Amino acid sequence: AYLFYAQHNFPTATFADKDGWSYVNAALGSSSYMKMSQVMHWFTGNIGYHHIHHLNARIPFYRLPEAFEAIPELQEAKTTSLMPGEIVRCLRLKVWDPQLGRMIGRRELTTG
Numbered sequence: 029a030y031l032f033y034a035q036h037n038f039p040t041a042t043f044a045d046k047d048g049w050s051y052v053n054a055a056l057g058s059s060s061y062m063k064m065s066q067v068m069h070w071f072t073g074n075i076g077y078h079h080i081h082h083l084n085a086r087i088p089f090y091r092l093p094e095a096f097e098a099i100p101e102l103q104e105a106k107t108t109s110l111m112p113g114e115i116v117r118c119l120r121l122k123v124w125d126p127q128l129g130r131m132i133g134r135r136e137l138t139t140g
């Protein structure tokens, strides 16, 4: 469950209202590429390439790394990882704050 959570709740995620929304920006701005070893990509069915999945869900999981390598723009995705510090940062984020333009945690939510 954490893999899915972290790929939409990470420090650099961005979301837009309906006036600023576009399919490509939503796919690449609000879902991440999770950096992990090739072994972990294999164990997770390449879920780390989540941004590509959101851009085109018809790409089979086993072709996601190939798409990543072939399209330079996909290599510039927002990232997260399984490093302990990054996990803590992601787990602290709970909601999107449109005024701040970023994800915030409970502490900021209650003080804001």
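Residue 29 is where the sequence shown starts when you use our numbering, and the numbers rise one by one after that. Where a beta carbon is used, it is the ideal one built from N, C-alpha and C, also for glycine. Computed from a predicted model, the values in this text were never measured in an experiment.
Buried/exposed call for residue i, threshold 16 Cβ in 10 Å
{"i": "G129", "result": "exposed"}
{"i": "A56", "result": "The sequence shown places Leu at residue 56, rather than the Ala named in the question. Under this definition L56 is a buried residue."}
{"i": "F38", "result": "buried"}
{"i": "Y61", "result": "buried"}
{"i": "N74", "result": "buried"}
{"i": "T108", "result": "buried"}
Spatially closest choice to residue i from the options, by CA coordinates
{"i": "Y30", "options": "A95, M111, A55, S65", "result": "M111"}
{"i": "I115", "options": "G48, D47, M64", "result": "M64"}
Extent of the continuous alpha helix (DSSP H) run through residue i
{"i": "I80", "result": "78 to 83"}
The beta strand (DSSP E) enclosing residue i, as first and last residue numbers
{"i": "G132", "result": "Correcting the residue identity first, residue 132 is Ile in this sequence and not Gly. Looking at the DSSP string, the run of the beta strand (DSSP E) that includes I132 is 130 to 132."}
{"i": "M62", "result": "61 to 63"}
{"i": "W124", "result": "123 to 125"}
Sequence-distant residues of the same chain with beta carbon closer than 6 Å to residue i, five excluded per side
{"i": "Y77", "result": "L92, F96"}
Cβ-based neighbour list, residue i, same chain, cut-off 7 Å, excluding 5 preceding and 5 following
{"i": "S59", "result": "Q35, H36, H78, H79, H82"}
{"i": "A105", "result": "L56, S60, Y61, H79"}
Within 8 Å, strictly: CB atoms of residue i and residue j
{"i": "L121", "j": "G113", "result": "no"}
{"i": "F32", "j": "W124", "result": "no"}
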